[in-house]
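A.B. asks: Residue numbers (the numbering used here): 79 to 505.
Where is the CB? At the ideal position from N, CA and C, for every residue including glycine.
Just dropping this structure here.
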Amino acid sequence: MDVKQPTIRPLALVARGLVAVAFISAGIAIYLWLYATRPIPPASDPSATGRLRLVVVAPLEKAVGQRFRAYGQSRAMHTADVPSRVSATVALLHPQYREGAAVEIGTPLVSLDNRDFERQVTMAVESLRTIESQIAMLTLDATSLQRTLELANESAALAAVDYSRVREAFTNNAAQSREVDRARAGAIESERQLIAARDALEKLPLRRASLVAEQSRQNAARELAELSLERSTICSPLAGIVQRADLELGENAAPGVLVARIVDPRTIEIPILLPALARAIVQIGDSALVRADRANAQWVEAKITRIAPEDDASTRTMTVYAEALGSDALPPGAFVEAEVSGGSLASRTLVPRRAVNSGRIITVRDGIAHNEGAEVEFAVSGQLSPQLPDTEWVVLKHALPAGTTLVLDASRRVPEGAPITPIDAAL
């Protein structure tokens, strides 16, 4: 059996060859075009051949204090839990008695049923009038009793003289025994009247003292009734905003029941927990920055006004109290982040945090790199230099020589003594 041989077509071979040549030519043409349009780097300065081009920065000299990062919870400096001080039924809820309402000192919140207190005032007033009348009668009684005592003294004297005459006449047999008895009875009766008049007059100061005491008691009862009548209208003791308003119309308000909670958000206090070692550094009057723990919160300036005398042994912390003006950025009850600046505001050397790596910095003096150790005293946050975007800085314990610059990125490996072409980071 014969095998059929494939037919070779010269035209197809030529066509395939032309296509391959076309693709190769197109690739060569693209390469030549890219090579011709390549960017040409500037020629190196012959004097800088072999030098490293590094970004450098000059250290800052600023007056800063040691800062501590801590946390706390803000609270209003002035708050009031307003209780009921009498037992009565709620008769009226005033318009400002609702959560979120602004109130001033003396703004009425709740009125209680005060009819019982009005009756108590009336009863006390009438009792006082009765006592005043009795005291006035004692003044009149004193005058009449004094005169009665004088007459009783005179009557007793006359009866005694008459009894003496009758006894003398009886001795001389000029009078009978019954006349003696009658004279003696008259003398005794006169003496009894004298004793009664003297007793009544001597009891007047005691009766007056009793009435004065009762008058004082009724005055106290009247004042208490008037005070209860005044307390039946519950008012705000301070200017602020109503946080709680729990009573309902017709509800009984007993003494001690919370009627409302008033919060004055204009002044905020923040207890801040700091490390115990800060006690030797932080002082009253030092500044602090606080910020609510939420998105896009702004820093608010505060001042340290109080320092707790004891440390917490379990957490090794101390508590300081900062005061700030209240605002939407710092409401009461917010969990806040605080940065407390303590110690004297002495001039210190500050460098960006990224210029220090593992306790070492790269300094540049006269175009020569030097690897040196750097002891960091503490860290500082904030936009301290307008030429740099850095917000994290460190304070060096020891100042650097004048004219020293630092390599901004200390993570680079630069040999000791390497020639440097510095590029100012501020440019």
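1) Once DSSP output is grouped into helix, strand and coil, what is the label at A148?
2) Please go through the same chain and pick out, in chain order, the residues whose beta-carbon is closer than 8 Å to the beta-carbon of E182, but skip the five residues on each side of it.
3) Taking only three categories from DSSP, how would you classify A180?
4) By Cβ distance, which residues of its chain are closer than 7 Å to Q271, with the 5 residues on each side in sequence left out?
5) Taking 6 Å as the limit between beta carbons, can you name the residues of its chain near R384, skipping five residues before and five after?
6) In terms of DSSP beta bridges, what is T441 paired with?
7) Would you tell me roughly how many angstroms separate the C-alpha atoms of A238 and M215, rounded to the nearest one?
8) Quick check: the Cα distance between S122 and S103, rounded to an integer number of angstroms?
9) Are the region 144 to 164 and the region 320 to 337 touching, with three or more C-beta to C-beta distances below 8 Å?
10) Which same chain residues, not among the five before or five after L227, have their C-beta less than 7 Å away from its C-beta?
11) Could you check whether E139 and A425 sit closer than 8 Å to each other, using their CB atoms as the reference points?
12) When you compare the CB positions of T482 and R443, do they come within less than 8 Å of one another, or not?
13) Quick check on the DSSP output: the alpha helix (DSSP H) that includes S211 runs from which residue to which?
14) Would you kindly check if the distance between the Cβ of A433 and the Cβ of A402 is under 8 Å?
15) DSSP three-state label for I273, please.
16) Using the rule of at least 16 other Cβ atoms within 10 Å of the residue's Cβ for burial, across every protein chain shown, is G404 buried or exposed?
17) Give me the Cβ distance between D371 and V414, rounded to the nearest whole Å; I'm assuming they're in contact under 8 Å.
18) In this structure, how does DSSP classify Y113 when only helix, strand and coil are distinguished?
19) If we count Cβ pairs, one from each stretch, closer than 8 Å, do we get three or more for the region 295 to 310 versus the region 197 to 206?
20) If you drop the 5 nearest sequence neighbours on each side, which residues of the same chain put their C-beta closer than 6 Å to that of A126?
21) Counting pairs of Cβ atoms below 8 Å between the region 468 to 482 and the region 441 to 457, do you hit three or more?
22) In angstroms, rounded to a whole number, what distance separates the CA positions of R245 and S255?
23) Hey, how far is the Cα of R309 from the Cα of A391?
24) Name the residue from V485, L307, S306, A354 whose alpha carbon lies nearest to the alpha carbon of H448.
25) Write down the C-beta distance between V418 and F146 rounded to the nearest angstrom, noting that I regard them as a contact closer than 8 Å.
26) Roughly how many whole angstroms lie between the Cα atoms of R193 and D324?
27) Please go through the same chain and pick out, in chain order, the residues whose beta-carbon is closer than 8 Å to the beta-carbon of I213, but skip the five residues on each side of it.
28) How many Å lie between P430 and D468 at the Cα?
29) In this structure, does DSSP put M79 in helix, strand or coil?
30) So the beta strand (DSSP E) G411 belongs to, where does it begin and stop?
31) According to DSSP, is V454 part of a helix, a strand, or is it coil?
32) For the candidate residues R262, N330, L187, whose alpha-carbon lies nearest to that of V168?
33) I believe I501 touches V133 by the beta-carbon criterion, under 8 Å. Please report the beta-carbon distance rounded to the nearest angstrom.
34) Applying the criterion that 16 or more other CB atoms from any shown protein chain within 10 Å of the CB defines a buried residue, is V92 buried or exposed?
35) Please name the residue in R490, P349, A136, D219 whose C-alpha comes closest to that of K281.
36) Between I350 and V188, which are expected to be in contact by the criterion C-beta below 8 Å, what is the C-beta distance as a whole number of angstroms?
C.D. replies: Let's see:
1) The DSSP-derived three-state label of A148 is strand.
2) Here the set comprises S314, A317.
3) Here A180 sits in strand by DSSP.
4) For Q271, where only same-chain residues beyond five positions count, the Cβ hits under 7 Å are A230, S233.
5) So the list reads Y399, once near-sequence residues are dropped.
6) For T441, which the question treats as bridged, DSSP gives the partners H448, L484.
7) C-alpha separation (whole angstroms): 34 Å.
8) At S122 the pLDDT is 45, less than 50, meaning the model places this residue with poor confidence and gives no usable figure here.
9) Proximity of the region 144 to 164 to the region 320 to 337 meets the contact definition, three or more beta-carbon pairs being nearer than 8 Å.
10) Answer for L227: A275, R276, L279, listed in chain order.
11) Note on identity: in this sequence residue 425 is Ser, with Ala being the wrong assignment. Closer than 8 Å, so yes.
12) Between T482 and R443, the gap from beta carbon to beta carbon is short of 8 Å.
13) Segment 193 to 249, the alpha helix (DSSP H) holding S211.
14) Cβ distance not < 8 Å, so A402 and A433 don't count as in contact.
15) When secondary structure is reduced to three states using DSSP, I273 falls in the helix class.
16) Counting Cβ neighbours within 10 Å, G404 comes out buried, since at least 16 surround it.
17) Indeed, because the Cβ distance is near 6 Å, the residues count as touching under 8 Å.
18) DSSP, reduced to helix, strand and coil, places Y113 within a helical segment of the structure shown.
19) Output reads yes: the region 197 to 206 touches the region 295 to 310.
20) Its pLDDT being 47, under 50, A126 is placed unreliably by the model, and the measurement read from it follows with that caveat. If the five residues before and after A126 are omitted, its C-beta is found closer than 6 Å to the C-beta atoms of T499, all from its own chain and listed in chain order.
21) Inter-segment contact for the region 468 to 482 and the region 441 to 457 is present: three or more beta-carbon pairs are separated by less than 8 Å.
22) Cα atoms of R245 and S255: separation of roughly 9 Å, rounded to the nearest angstrom.
23) If I take the Cα positions, the gap works out to 46 Å.
24) With distances taken between Cα atoms, H448 lies closest to V485.
25) Indeed they touch by this definition, with Cβ atoms about 5 Å apart.
26) Looking at the two C-alpha atoms, the distance is approximately 23 Å.
27) Within the same chain, R286, L289, V290, Q293 come within 8 Å of I213 by CB-CB distance, once the 5 residues on both sides are set aside.
28) In a straight line, the C-alpha of P430 is about 7 Å away from that of D468.
29) Unreliable placement is indicated for M79, whose pLDDT of 47 sits below 50; no coordinate value is reported for it.
30) Element bounds for G411: n/a, residue is neither H nor E.
31) Residue state, collapsed to three classes: strand.
32) Of R262, N330, L187, the residue nearest in Cα terms is N330.
33) Taking the Cβ atoms as the reference, I501 lies roughly 5 Å from V133, within the contact range of under 8 Å.
34) By the neighbour-count rule (16 or more Cβ atoms within 10 Å), V92 is not buried but exposed.
35) Proximity to K281 across R490, P349, A136, D219 peaks at D219, based on C-alpha coordinates.
36) Not confirmed; about 37 Å, so no contact.
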